[in-house]
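Working notes, structure below.
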Amino acid sequence: MRTLLKIAAALLIGALLPPEPGMAGDCPAKREDCHFTVLTIPFESDDAGELGRNVSLTIQHQIFRKFLLSLPAEPEDICCLPNDTIAVLAWGQLSEQDHDEAIRRANEMGSTQLVLWGKAWPWREYVVVQPYLSVVGPPRELDPQVRICCTNTRGIDRIRPFTKDGEWRIWEIAEDDANGDARKLYIDRFPRELYDLPQISLDANDVEQFRSLAGLPIYANNNGRVGRLLDGVTTDSSIKALQHVGEWTLVDEPRGWIKLPVVDAGQIVEFIGGLMHFLRGNWERARTSFEAVAQDEAGSSSVRVDAALLLAATEYRLDASCGGCQHAIDIAKGINPYSVTTARFELMARIAQGGPGNEVATLLAELTENRALFPPEDPFTQRAVEFLREPAR
């Protein structure tokens, strides 16, 4: 089984198709510096872990499929993406299936920001899955001076959502004060660190296919059989997924197509996809994923709210006037109008939007009036009051 897990990990650590000739020369940052990791843990199950491993492989493949199908279309985006390390879907173990252990394991790895783990159990012809997602923090192993992936030609800095000191900047507004000094207001954490994602049901036959990746037939295109992967293949053979088209995945060494099922992992894959794009600073693709999750009325309410809030933060990255932010805030407030987290994001949106009803005096008065709604000594509230009281240039 250890060999099979190595094969699975190798298959799912993907290499992107290379950019068009001439695009890579204008990149302002080193390609290898845009790097982060999603760690997938074998799900807990009652059969000595075999079912849990299969479930993890199934979901992991869908995450990678979603990611690769979401390549950015803009040349300036493509040139700033690394070839092999844009997203590593790593495979690991936890001594205990809980959030604290997931964070500890991720910190050991250094570059991991997301950990997917959970439980799985058979039910009739299905496998029921309860997934959890732990959000860790900015990568710690990279040079903090080279974390700019790309600069948008429209003038908006496409800086990844953390500082050179390794702190989150989920949303930051920077302006000059009356003396010409920079003043900043920011949200420095994701809406939550642990996501209790909605349960999903997978077809047991689909999960069964992931008991072994060795021996899968390889096809020259979609109908011509070439050969089979051998049991002795390991990660040293550099088997990588190059492209996904429907149920087909192009792999190399030996190069050819394998057919794997597309399973319905729903909100899980879409939300993780949004976080992956957000972490990379690929704002257009993050917006697409977060919008889909936020609008999914059949999904988890808490995940929809957070997707809407991160959608607002993403809209600001795309348009500093925050033209699309209110739409996202309205979705979040429509689901839960009493969330303190939503109130923080809404204030950021109103400051960015400006205009009638969002004047500094109005916002400061409302913040002062509603101060009791926020936790005592809330750092964001203190920063917001100082930001609003300091006159802009």
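Under my numbering, think of the first position of the sequence shown as -15, with each following residue one higher. Backbone N, C-alpha and C define an ideal beta-carbon position, used for all residues, glycine too.
Supposed contact pair residue j and residue i - C-beta distance, whole angstroms, cut 8 Å
i	j	result
L100	T24	5 Å
E28	Q81	5 Å
L295	R271	6 Å
L351	T325	That belief does not hold up - the Cβ atoms of L351 and T325 are roughly 15 Å apart, past 8 Å.
Y203	W241	5 Å
R167	E374	5 Å
Q44	L263	About 17 Å separates the two Cβ atoms, so there is no contact after all.
V191	V39	6 Å
V247	T42	6 Å
Residue range of the beta strand (DSSP E) that includes residue i
i	result
L100	T96 to W107
G240	G240 to K243
P363	Taken as a continuous stretch (DSSP letters only), P363 belongs to no beta strand (DSSP E), being part of the alpha helix (DSSP H) at P363 to R373.
R167	A166 to I171
W232	W232 to V235
D303	It is not in any beta strand (DSSP E) - D303 carries neither H nor E in the DSSP assignment.
Exposed unless 16 or more other CB atoms sit within 10 angstroms - verdict on residue i
i	result
A327	buried
L181	buried
E330	buried
Y322	exposed
G258	buried
A349	exposed
W107	exposed
R239	exposed
D314	exposed
D30	exposed
G36	buried
L357	exposed
S273	buried
D290	buried
A382	Examination of residue 382 is not possible in this model, given that the chain is present from -15 through 377 alone.
P340	exposed
G139	Residue placement at G139 is poorly supported in this model, since its pLDDT is 35, which falls under 50; the coordinates still yield a value, given next. Exposed, because fewer than 16 other Cβ atoms sit within 10 Å of the Cβ of G139.
E361	exposed
P26	buried
P201	exposed
G92	Per the sequence shown, residue 92 should be read as Glu rather than Gly. Classification of E92: exposed, given that the 10 Å Cβ count is below 16.
E254	buried
P145	buried
Other residues of its chain near residue i: CB distance less than 7 Å, five sequence neighbours each side excluded
i	result
E85	L78 and S79
V344	L372
Y110	S185, L186, D187 and A188
E355	Per the sequence shown, the amino acid found at residue 355 is Arg instead of Glu. Taken in chain order, the residues that qualify are T365.
L53	Caution applies to L53, whose pLDDT of 39 falls short of 50 and renders its modelled position unreliable; the value that the coordinates give is listed next. Result list for L53: H228, in chain order.
Q114	G102, K103 and Q183
R288	V277, A278, D280 and I319
I87	S118 and V120
R173	W152 and I154
A368	L169, L331 and L351
C309	A296, E299, Y300, A333, A336 and Q337
K317	T326
D303	none
Sheet register partners of residue i (DSSP bridge)
i	result
P340	Its beta-bridge partners do not exist; DSSP assigns none.
P119	The sequence given here has Val at residue 119, not Pro. DSSP lists L98 as partners of V119.
H228	T233
S285	Per DSSP, none; premise fails for S285.
V247	Looking at the DSSP assignment, V247 forms no beta bridge with any residue, so it has no partner.
L41	Looking at the DSSP assignment, L41 forms no beta bridge with any residue, so it has no partner.
I157	L169
Q114	K103
S185	V112
E28	K103
Residue i beta carbon near the ligand NAP (any heavy atom closer than 7 Å)
i	result
E109	The model depicted lacks the ligand NAP and carries no ligand whatsoever.
Cutoff 6 Å; reference residue i; Cβ partners in own chain excluding five residues on either side
i	result
L177	The question names Leu, but residue 177 in the sequence shown is Glu. The residues are V119.
I256	I47
W232	W241 and K243
W105	V112
P175	D290, L293 and T325
S285	I319
N342	R334
Residue i, enclosing alpha helix (DSSP H) - first and last residue
i	result
E177	Here E177 belongs to no alpha helix (DSSP H), and DSSP marks it neither H nor E.
E275	W267 to A278
N188	Asn is not the amino acid found at residue 188; the sequence shown has Ala there. Start and end: A188 to E192.
I87	H83 to M93
N308	Before going on, a small fix: residue 308 reads as Gly here, not Asn. Where G308 is concerned, there is no enclosing alpha helix (DSSP H), given that its DSSP letter is neither H nor E.
Below-8 Å beta-carbon distance, residue i vs any chain B residue
i	result
T326	Judged by its chain identifiers, the structure shown contains no chain B, having just a single protein chain.
Close-in-space but distant-in-sequence residues of the same chain around residue i (CB under 8 Å, 5 per side omitted)
i	result
N205	W241
G283	P182, G250, Q251 and V277
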